[in-house]
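Here the sequence shown stands for residues 63 to 222, where the numbers follow the numbering used here.
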Amino acid sequence: MASISPRKRSASWNFQLAVMLALILGPFLLFVAAILVHKARSPAHVNAPANRQNLSSSVEGDEDPVFDNSIVIAEGHEAVRQHCAPCHSLLLVAQNRNSRDGWAALIDWMQETQNLWDLGEQEPVILDYLAAHYGPRPQSRRPNLNLEAIQWYPLFSENR
Ligand code: HEC
63 MASISPRKRS ASWNFQLAVM LALILGPFLL FVAAILVHKA RSPAHVNAPA
113 NRQNLSSSVE GDEDPVFDNS IVIAEGHEAV RQHCAPCHSL LLVAQNRNSR
163 DGWAALIDWM QETQNLWDLG EQEPVILDYL AAHYGPRPQS RRPNLNLEAI
213 QWYPLFSENR
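As structure tokens, this is what we get:
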């Protein structure tokens with residue numbers, strides 16, 4: 063019966079260990095390298111705070127309202143952001159129109175049924191903002207067409 067000498071056995075053990083290490087460390091090092099390459103390439107200016115500040119600091123005077131993808135940026139918008147965004151999108155706020163009282167009633171409703179907290183002294187700030195920028199609009203759709211004034215014409219000629 064041939065038996066492997068201790069020396070040979072330890073040599074093959076070392077080889078197996080080296081293969082195992084290579085198998086484990088290889089993918090890991092590739093992964094780290096991939097992350098480093100990706101970081102070096104991705105544009106750092108996307109989402110940079112400086113960009114966002116430019117956006118909000120451009121609202122002064124009577125310029126058109128500025129949005130940051132959700133609500134008008136104007137006095138009080140921070141309070142709305144802080145108290146109205148935790149549970150649902152601010153777009154839910156922006157798509158609604160209400161008088162100041164209407165907004166107050168909606169806030170009451172959320173406080174009574176949806177666990178909205180006491181807004182404290184921020185409540186008037188929030189209500190002022192909502193009434194100013196999301197108040198009722200006099201007309202929400204275009205006026206009806208005046209049927210009398212339309213000049214009709216045939217789509218097909220008579221002797222086709
Ligand atoms: C504690 C959670 C919570 C907070 C904070 C919160 N809401 Fe709501 N809100 C709700 C829930 C829940 C609904 C119902 C959502 C639904 O119907 O899908 C809702 C619905 C709404 C609606 C839609 C009402 C309708 O008729 O469809 C508006 C507008 C609204 N919230 C405005 C606000 C405003 C403004 C604030 C900040 C003052 C605010 N919410 C803060 C929980 C919250």
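Backbone N, C-alpha and C fix where the C-beta goes; we use that ideal spot for every residue, glycine too.
Three-state secondary structure (DSSP) at residue i?
i: I86; result: helix
i: F129; result: strand
i: I188; result: helix
i: I97; result: helix
i: R103; result: helix
i: I212; result: coil
Considering Cα atoms alone, identify which of the options is closest to residue i.
i: N160; options: R199, S74 and A147; result: R199
i: H139; options: H195, D163, R103 and Q173; result: H195
i: A156; options: P148, S132 and D190; result: S132
i: G164; options: A193, H150 and D180; result: A193
i: H150; options: I135, L178 and D170; result: L178
i: G197; options: R162, E220 and N76; result: R162
i: C146; options: A80, F93, M172 and N206; result: M172
Return the CA-CA distance between residue i and residue j, expressed in angstroms with no decimal places.
i: L83; j: A73; result: 15 Å
i: A95; j: L153; result: 40 Å
i: Q176; j: Q213; result: 54 Å
i: E101; j: I169; result: First, the residue type needs correcting, since residue 101 is Lys and not Glu in the sequence shown. Going by the C-alpha atoms only, they are around 44 Å apart.
i: L181; j: V187; result: 10 Å
i: C99; j: L85; result: Correcting the residue type first, residue 99 is Val in the shown sequence and not Cys. The alpha-carbon atoms of V99 and L85 are separated by roughly 22 Å.
i: P148; j: F90; result: 38 Å
i: R204; j: F93; result: 57 Å
i: N206; j: A166; result: 33 Å
i: V81; j: D130; result: 54 Å
i: F77; j: G88; result: 16 Å
i: L217; j: N158; result: 41 Å
i: Q144; j: N208; result: 47 Å
i: R71; j: I97; result: 40 Å
i: Q134; j: R103; result: Checking the sequence shown, residue 134 turns out to be Val, not Gln. Near 34 Å, if we compare the C-alpha coordinates of R103 and V134.
Confirm the yes/no value for this check: CB of residue i, any heavy atom of the ligand NAP, distance under 7 Å.
i: V187; result: Ligands in the displayed structure: the ligand HEC; the ligand NAP is not one of them.
Residue i and residue j look like a contact to me (Cβ under 8 Å); what is the Cβ gap, rounded to whole Å?
i: A141; j: Q201; result: At roughly 29 Å, the Cβ-Cβ gap does not stay under 8 Å, so A141 and Q201 are not in contact.
i: Y215; j: E137; result: The pair is not a contact, with the Cβ atoms about 53 Å apart (cut-off 8 Å).
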